[in-house]
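**Student:** Numbers 333 to 600, taken from our numbering, label the letters of the sequence shown in order. Below are the structure tokens for one structure; questions will follow.
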Amino acid sequence: MNISSGTNLQALIDAQNTASLPNTRIVLVLSNRKAAYGLTRATNATPSIPTAYLALQPFLKANPGKTRDDYDIQVSKIVLNEKPDVIVLAGWMHVFGDGFLNTVSGETSSSDGSIRKPPIPVINLHPALPGAFDGANAIQRAYEAFQRDEITTSGVMVHRVVKEVDRGEPVLVREVKIERGEPIETYEERLHRVEWEIIVEATAMVLEEVAPLLVSNDYLSKCQVFLLCERSESLGTGASSLCERFRPLVGKPNCRASYRMPCFSTVQ
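Below, the structure written as structure tokens:
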């Protein structure tokens, strides 16, 4: 369980505005642990990424009569203020309830009294296959189950967040085999490397659904060729050649891709 190191967040930081996540930026990193190293990673990024901190118990102590649901609503207000296109839970262990999910989904009024439409998708990285080892300590539980010959493989997934813990629709799933005789530390290291890949890929997939890149009419086809090339290695050598040819056009006054703000990333 990656509680505070923020390596999954670092993968997103490194990927923003690259071929993996073109024309994107992280607008906020929020943690419910003041000492989370992910906050430091965000501050040290170039350019620096805004951060926020809000923990449950201090919130409840400072607001007598408030509940866990009120805390979730307050977190949602912080999120909505940044107007993200997608919310990525990268090491966030607090289980959100109705207060958060209903607000970001548009089912409940936001802080200004309006209903947000369309909803903001929320995705979560979980180190297990769909339907297996929901909740905390999934890596250790899967490893122990393998030792008892109860499973033959495990893996990692990014799924849409719903009220049932780790039961949302999978966005991307990848198996990570456990090798017979390897220590759990070795398996965990291999799994984390897959996590760093899959969290970026899944974020890109969801962004493409909710905030596809838009370009001006001028040089539209040339820009589209470039952007498509950046996304796919299966377009063939001809497209790759065009990609290189039109690369200098992107960012010019007559060929400006919109700048998406897709990724509010939460780390614990």
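Every residue, glycine too, gets a C-beta built ideally from N, C-alpha and C. Quick caveat: nothing in here was measured; it's all calculated off a predicted structure.
Are the CB atoms of V532 and I455 nearer to each other than 7 Å?
**Tutor:** no
**Student:** Am I right that N364 and L386 are in contact with their C-beta atoms under 8 Å? What's the rounded C-beta distance?
**Tutor:** 6 Å
**Student:** So, A384 versus I410, is the Cβ gap smaller than 7 Å?
**Tutor:** yes
**Student:** Give the single residue among S408, R480 and E476 whose Cα lies nearest to the Cα of P308.
**Tutor:** The structure shown does not extend to residue 308, since the chain is modelled only from 333 to 600, so the question has no answer here.
**Student:** In the DSSP assignment, find the beta strand (DSSP E) that holds N456 and state where it starts and stops.
**Tutor:** V454 to H458
**Student:** Report the three-state DSSP secondary structure of H491 (helix, strand or coil).
**Tutor:** strand
**Student:** From which residue to which residue does the alpha helix (DSSP H) around L412 run?
**Tutor:** Its alpha helix (DSSP H) spans residues R400 to N413.
**Student:** Suppose the cutoff is 6 Å on Cβ atoms and the five residues either side in sequence are ignored; what does the same chain contact list for F478 look like?
**Tutor:** I510
**Student:** Tell me which same chain residues have a C-beta within less than 6 Å of the C-beta of G431, skipping the five on either side of it?
**Tutor:** D401, D404 and I405
**Student:** Could you say which of T350, E514 and V420 lies nearest to V503 if we only look at CA atoms?
**Tutor:** The shortest C-alpha separation from V503 is found at V420.
**Student:** I'd like the span of the beta strand (DSSP E) that includes V503, first residue to last.
**Tutor:** Residues P502 to V508.
**Student:** Just the C-alpha distance for I358 and W424, rounded to the nearest angstrom, thanks.
**Tutor:** W424 has its alpha-carbon roughly 16 Å from the corresponding atom of I358.
**Student:** Considering T518, what are the terminal residues of the alpha helix (DSSP H) in which it resides?
**Tutor:** Per DSSP, the continuous alpha helix (DSSP H) segment holding T518 begins and ends at I516 to V542.
**Student:** Candidates A543, I530 and V542: which alpha carbon is nearest A347's?
**Tutor:** Answer by Cα proximity: I530.
**Student:** Under DSSP, the beta strand (DSSP E) around V418 begins and ends at which residues?
**Tutor:** Membership of V418 in the beta strand (DSSP E) is indicated by the continuous run V418 to L421.
**Student:** Which same chain residues end up closer than 7 Å to R329 when comparing Cβ atoms and leaving out the 5 residues on each side of it in sequence?
**Tutor:** This structure cannot speak to residue 329, because the chain is shown only from 333 to 600.
**Student:** Out of curiosity, what's the CA-to-CA distance linking A422 and E514?
**Tutor:** 26 Å
**Student:** Bridge partners for Q348 per DSSP, in chain order?
**Tutor:** L353
**Student:** Between which two residues does the beta strand (DSSP E) harbouring T384 extend?
**Tutor:** Contrary to the premise, residue 384 reads as Ala rather than Thr in this sequence. Residues T383 to Y385.
**Student:** Could you say which of R522, T484 and W528 lies nearest to V490 if we only look at CA atoms?
**Tutor:** Just measuring C-alpha positions, the residue of R522, T484 and W528 sitting nearest V490 is W528.
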